[in-house]
Amino acid sequence: MQIKKRGVNLKKKSDRVDTLFHKGKVLILAYDQGLEHGPTDFNLLNIDPQYIMDVGLEGRFSAIAAQAGIAEKYHVDHYKDVPLIVKLNGKTKLSKEDPLSLQHTSVDYAEKLGAIAVGYTIYLGSNHEQQMLVEFGKICEEAHQKGLLAICWMYPRGSNIQEEESTETIAYGTRVAMELGADIIKIKYNGDQEGLRWIVKAAGKAKVVIAGGSKKTDYEFMQMTREVIDAGAAGLAVGRNIWQHKNPLLMAKVLKEIIFNNKKPQEILQELKNHKY
Ligand code: FBP
């Protein structure tokens, strides 16, 4: 994979697009699970944000997505070579109410931290969705004025949602995010490849990236990646399937072969047998 210009001294949105995307594709490392899930996802290695920064840097990820507290303490010195996405909201899993996740970090501060993009989760269908829609709309406006990209984690959830992962619900969410101004929309993949093609259409010029979910076998994850790329997704924003892996750098290489070099999982397995990586 040809490495492109990276770094954070960028002024225009198009510069940020060029930094993040390679051949129109991305592989983002997500590390906001400590806030969303608690430390339960972690082991002694990956609980340390320093480890994740090393994985992000050595794995040449397109970007790392994290909360501001992690960014300000760990995305420093040479780690700034990995493009940064700062999450502006977040909620714990402790409240059992309809989900509401409000902005706690400003676009201004994300920019000061060197972010090329800001991230925000919307729980579409929650009784509180209106607050999140309004906040995200304003965030997009502000981010775009500064030349930053706006990424929506679009997770339909709450008492008005019967099926969080139905294609129709995900397509609705994707469309909402695009109409509010998202440049990139992160969704969950429900295994319906035809449905994902429709979802990608609903996103218009916004790019669709897929969340990893809980840890799967390597082959399952490779297959899922192949399927979503073939359906028109721009890539992945993945956490656990990388940093819970015993060899995250190898997994990153394998996923990059699928995403950027259009390889098939079988082909990669053969190459692994031949010690190509
Ligand atoms: P994973 O690849 O580990 O699933 O991370 C993707 C992600 O979107 C994280 O950014 C976020 O913390 C988490 O999933 C939230 O998922 P949920 O709300 O479904 O638990």
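Read in order, the letters of the sequence shown are residues 775 to 1051 in this note's numbering.
Think of the CB as a built atom: it goes at the ideal place given N, C-alpha and C, for glycine as much as any other residue.
(request) For serine 788, count neighbouring C-beta atoms within 10 Å of its own C-beta (all shown protein chains included) and say buried if the count is 16 or more, exposed if not. (result) Working through the sequence shown from its first residue, we reach residue 788 at position 14. It is exposed - the Cβ of serine 788 has fewer than 16 other Cβ atoms within 10 Å.
(request) Using 10 angstroms around the beta-carbon of threonine 948, count the other beta-carbons present and answer buried if the total reaches 16, otherwise exposed. (result) As a position in the sequence shown, residue 948 is number 174, starting the count at 1. Under this definition threonine 948 is a buried residue.
(request) Give the range of the alpha helix (DSSP H) segment to which valine 856 is assigned. (result) As a position in the sequence shown, residue 856 is number 82, starting the count at 1. Note, valine 856: premise wrong, no alpha helix (DSSP H); not H, not E.
(request) Starting from leucine 803, follow its DSSP beta bridges and name the residues at the other end. (result) Looking up residue 803 in the sequence shown gives position 29. Note: leucine 803 sits in a beta bridge opposite Ile838, Val1012.
(message) At the level of alpha carbons, what is the spacing between alanine 891 and lysine 1038?
(response) Numbered from 1 along the sequence shown, position 117 holds the residue referred to as residue 891. Numbered from 1 along the sequence shown, position 264 holds the residue referred to as residue 1038. Alanine 891 and lysine 1038: Cα-Cα distance of roughly 30 Å.
(message) By DSSP's criteria, glutamine 877 is part of a beta bridge. Which residues make up the other side?
(response) Taking the sequence shown and counting its residues from 1, one reaches residue 877 at position 103. Answer is Asn863.
(request) Please go through the segment 939-979 and give each complete beta strand (DSSP E) segment of 3 or more residues, from N-terminal end onward. (result) 958-961
(message) With H, G and I counted as helix, E and B as strand and the rest as coil, what does DSSP make of threonine 895?
(response) Mapped onto the sequence shown, residue 895 falls at position 121. Reduced to three states, the DSSP call for threonine 895 is strand.
(message) Quick check on the DSSP output: the beta strand (DSSP E) that includes alanine 924 runs from which residue to which?
(response) The residue labelled residue 924 in the question sits at position 150 within the sequence shown. Its beta strand (DSSP E) spans residues 923-928.
(request) Name, in chain order, the residues that DSSP records as bridge partners for lysine 990. (result) Here residue 990 refers to the residue found at position 216 when the sequence shown is read from its first residue. The partner list for lysine 990 (beta bridge, DSSP) is empty, contrary to what the question assumes.
(request) Within 10 angstroms of the Cβ of isoleucine 1032, are there 16 or more other Cβ atoms? Answer buried if so, exposed if not. (result) Numbered from 1 along the sequence shown, position 258 holds the residue referred to as residue 1032. Isoleucine 1032 is buried by the Cβ-count criterion.
(request) Assign glutamate 903 to buried or exposed, taking buried as 16 or more other Cβ atoms, counted over all protein chains shown, within 10 Å of its Cβ. (result) Locating residue 903 in the sequence shown gives position 129, counting from the first residue. By the 10 Å Cβ count, glutamate 903 comes out buried.
(message) Going by the DSSP bridge assignment, what does isoleucine 984 pair with across the sheet?
(response) Sequence index remark: in the sequence shown, residue 984 carries index 210 (1-based). According to DSSP, which records beta bridges pairwise, isoleucine 984 is partnered with Ile961, Leu1010.
(request) Would you mind giving the Cβ-Cβ distance between alanine 837 and isoleucine 859, rounded to the nearest angstrom? I have them listed as a contact below 8 Å. (result) One-based indexing of the sequence shown puts residue 837 at position 63. One-based indexing of the sequence shown puts residue 859 at position 85. The pair is a contact, with the Cβ atoms about 5 Å apart (cut-off 8 Å).
(message) Does the distance between the C-beta of tyrosine 894 and the nearest non-hydrogen atom of ligand 1 fall short of 7 Å?
(response) Within the sequence shown, numbered from 1, the residue matching residue 894 stands at position 120. Because no heavy atom of ligand 1 lies under 7 Å away, the Cβ of tyrosine 894 does not count as near it: no.
(request) Would you grab the beta carbon distance between histidine 878 and asparagine 901 for me? Rounded to a whole angstrom, and I think it's under 8 Å. (result) Along the sequence shown, read from residue 1 onward, the residue named residue 878 stands at position 104. Along the sequence shown, read from residue 1 onward, the residue named residue 901 stands at position 127. In fact, because the Cβ distance is near 20 Å, the residues do not count as touching under 8 Å.
(message) Helix, strand or coil for histidine 811? Go by DSSP, reduced to three states.
(response) Looking up residue 811 in the sequence shown gives position 37. Helix.
(message) Considering Cα atoms alone, identify which of Gln1040, Ala1026, Gln1018 is closest to leucine 819.
(response) Walking along the sequence shown from the start, residue 819 turns up at place 45. That would be Gln1018, whose Cα lies nearest to the Cα of leucine 819.
(request) Label lysine 1030 either buried or exposed according to how many other C-beta atoms from any shown protein chain fall within 10 Å of its C-beta, with 16 as the threshold for buried. (result) Locating residue 1030 in the sequence shown gives position 256, counting from the first residue. The residue in question, lysine 1030, is buried, as its Cβ has 16 or more Cβ neighbours within 10 Å.
(request) Take isoleucine 984 and list the residues in its own chain whose beta-carbon comes closer than 6 Å to its own, dropping the five residues that flank it on each side. (result) Here residue 984 refers to the residue found at position 210 when the sequence shown is read from its first residue. Tyr963, Val1002, Ala1007, Leu1010.
(message) For glutamine 1044, report the span of its alpha helix (DSSP H) as first-last.
(response) Sequence index remark: in the sequence shown, residue 1044 carries index 270 (1-based). 1039-1047 is the span of the alpha helix (DSSP H), which, as asked, contains glutamine 1044.
(request) Indicate whether isoleucine 958 and alanine 976 have their beta-carbon atoms separated by less than 8 Å. (result) By one-based count along the sequence shown, residue 958 stands at place 184. By one-based count along the sequence shown, residue 976 stands at place 202. Against a cut-off of 8 Å, the Cβ pair of alanine 976 and isoleucine 958 comes out as no contact.
(message) For aspartate 822, report the span of its alpha helix (DSSP H) as first-last.
(response) In the sequence shown, the residue the question calls residue 822 occupies position 48. Segment: none, aspartate 822 is in no alpha helix (DSSP H) and carries neither H nor E.
(message) Mapping the DSSP letters down to three states, classify alanine 884 as helix, strand or coil.
(response) As a first step, residue 884 must be located in the sequence shown, where it is residue number 110. It is helical.
(message) Tell me the residue span of the alpha helix (DSSP H) that contains phenylalanine 1034.
(response) The residue you call residue 1034 lines up with position 260 of the sequence shown. First-last of the alpha helix (DSSP H) with phenylalanine 1034: 1022-1035.
(request) Could you have a look at lysine 1050 and say whether DSSP puts it in helix, strand or coil? (result) Numbered from 1 along the sequence shown, position 276 holds the residue referred to as residue 1050. Residue state, collapsed to three classes: coil.
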